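K.L.:
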Amino acid sequence: MPRDDLDKSNAARAGARRLIEQTPKALAGLAAMSGVAYLAGSIYTKAYFSEFGASWILDEVPAATYFSQSWVPLLLLLYFGYLATTNLAVLGSQDDVTASFRFGLSVAMVRYGSWFLLALLGIIPLLSAFGYVMSAIVLSMIGVAAILLLFSSALELIVVRFRTLNTTFNTMDRPIDPSMAYIAFAVIAAALYVIPAQLGLNWARIDKQPTSSLLAVYLHSDAEKEYRLLFSVGERLYVFPAKFEGTYPPVRATAIVNVGFTPPQR
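Have a look at this one:
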């Protein structure tokens, strides 16, 4: 029993030491992912307002809005990255890593996932150009999942590469060059621009429709016409007519005191 207690104590100390060693890397990763989230959110927001012909609103958009557009992918990205790095930290040797079923899946994902994501990056803009808005949105969401899986798999290969000091891996009887992971990162970088831009563009097209789910509002100065709430900052609201002619709706700014949220009484 004392021997078992000693082993448990040593294992606990080793786990705590690994946690302390990984903390600076985790914080650096969090900072990097926060930057990625800000960039993706700004691309999405810019594409969204551009489709309304209202890019001028961007001057009023607070930074928190950019983060709010991408917090779910950010959390999932950090989660998958955490699983990859912490799993590798507790494995004992190169054989344990490269012989595991999970590592084989990571290799397959890096080998074929980059091509799959590239295909999505070509198909999504085509669907959008031909007016297949919902199909483009669905494929964009699939693209977000593909980015997360590809990133976590490529990260695992890179971590193994620097832990083992070998230039290639031999998994599933085929040599794996870690440069495949760098190619995956390049594809992910392109996807982090294309997919948020397409999501912003296509969601804006849906929100411009008369059946939009945007909040209906009424201006006191024009009570007979229904408007949609596009965006709000503090006491300032940006609205546009629910029905309009042309490509871009006439977006206007107004104070919240000038707006009602129920139809006028007749």
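Once you know that position 128 of the sequence shown is 127 in numbering that gives the first Met the number 0, the rest is easy, because the numbers rise by one and skip nothing. Beta carbons are placed, not taken as given, at the ideal position from N, Cα and C, and that holds for glycine. Bear in mind that the values here come from a model prediction, so they are computed numbers and not experimental data.
1. Compute the beta-carbon to beta-carbon distance between V232 and F239, rounded to the nearest angstrom, for a pair I have assumed lies under 8 Å.
2. Where does D172 fall in DSSP's three states?
3. Closest to F39 by CA distance: which of A254, F230 and A190 is it?
4. Where in the segment 192 to 254 do unbroken runs of the beta strand (DSSP E), each at least 3 residues long, occur, reported from the N-terminal end onward?
5. Look at V123 and S113 and say whether their C-beta atoms are less than 7 Å apart.
6. Can you have a look at R227 and say buried or exposed, based on whether 16 or more other CB atoms are within 10 angstroms of its CB?
7. Take V158 as the anchor and find which of G245, D206, Y181 and L218 has the nearest alpha-carbon.
8. At the level of alpha carbons, what is the spacing between L126 and L120?
9. Take L117 as the anchor and find which of A128, A183 and F230 has the nearest alpha-carbon.
10. Would you kindly check if the distance between the Cβ of Y47 and the Cβ of G142 is under 7 Å?
11. Find the nearest neighbour of A36 within the set A252, S152, A188 and S212, judged by alpha-carbon distance.
12. Which term fits F168, buried or exposed, when burial requires 16 or more other beta carbons within 10 angstroms of its beta carbon?
13. Tell me whether L117 sits in a helix, a strand or coil according to DSSP, three-state version.
14. If you drop the 5 nearest sequence neighbours on each side, which residues of the same chain put their C-beta closer than 8 Å to that of S220?
15. Less than 8 Å between C-beta atoms, sequence neighbours within five positions excluded: which residues of the same chain meet that for L213?
P.N.:
Well, looking at it:
1. Within the sequence shown, numbered from 1, the residue matching residue 232 stands at position 233. Within the sequence shown, numbered from 1, the residue matching residue 239 stands at position 240. V232 to F239, Cβ: 16 Å. No contact.
2. Here residue 172 refers to the residue found at position 173 when the sequence shown is read from its first residue. Because D172 carries a pLDDT of 44, less than 50, the predicted location of this residue cannot be relied on, and no value is offered for it.
3. Looking up residue 39 in the sequence shown gives position 40. It should be noted that the sequence gives Ala, not Phe, for residue 39. Ranking A254, F230 and A190 by Cα distance to A39 puts A190 first.
4. 215 to 218, 221 to 232, 235 to 240 and 251 to 254
5. Indexing the sequence shown from 1 puts residue 123 at position 124. Indexing the sequence shown from 1 puts residue 113 at position 114. Here residue 123 is Ile; the residue named in the question, Val, does not match the sequence. It is not a contact, given that the beta carbons lie outside the stated cut-off.
6. Taking the sequence shown and counting its residues from 1, the one referred to as residue 227 is at position 228. With 16 or more Cβ atoms within 10 Å of its Cβ, R227 is classed as buried.
7. Counting from one through the sequence shown, the residue named residue 158 turns up at place 159. For the residues G245, D206, Y181 and L218, the minimum Cα distance to V158 belongs to Y181.
8. Here residue 126 refers to the residue found at position 127 when the sequence shown is read from its first residue. Here residue 120 refers to the residue found at position 121 when the sequence shown is read from its first residue. Going from the Cα of L126 to the Cα of L120 covers about 11 Å.
9. Looking up residue 117 in the sequence shown gives position 118. Of A128, A183 and F230, the residue nearest in Cα terms is A183.
10. For the purposes of this step, residue 142 is taken as the residue at position 143 of the sequence shown. For the purposes of this step, residue 47 is taken as the residue at position 48 of the sequence shown. Result no, Cβ atoms of G142 and Y47 do not sit closer than 7 Å.
11. As a first step, residue 36 is located in the sequence shown; it is residue number 37 there, counting from the start. Of A252, S152, A188 and S212, the residue nearest in Cα terms is A188.
12. As a first step, residue 168 must be located in the sequence shown, where it is residue number 169. Low confidence applies to F168: its pLDDT is 48, below 50, so where it sits in the model is not reliable enough to give any reading.
13. To locate residue 117, count along the sequence shown from 1; it is residue 118. Three-state result, L117: helix.
14. Numbered from 1 along the sequence shown, position 221 holds the residue referred to as residue 220. Excluding sequence neighbours, S220 sits near N257.
15. Position 214 of the sequence shown, counted from the first residue, corresponds to residue 213. Only D206, R227, L228 and L229 meet the Cβ criterion.
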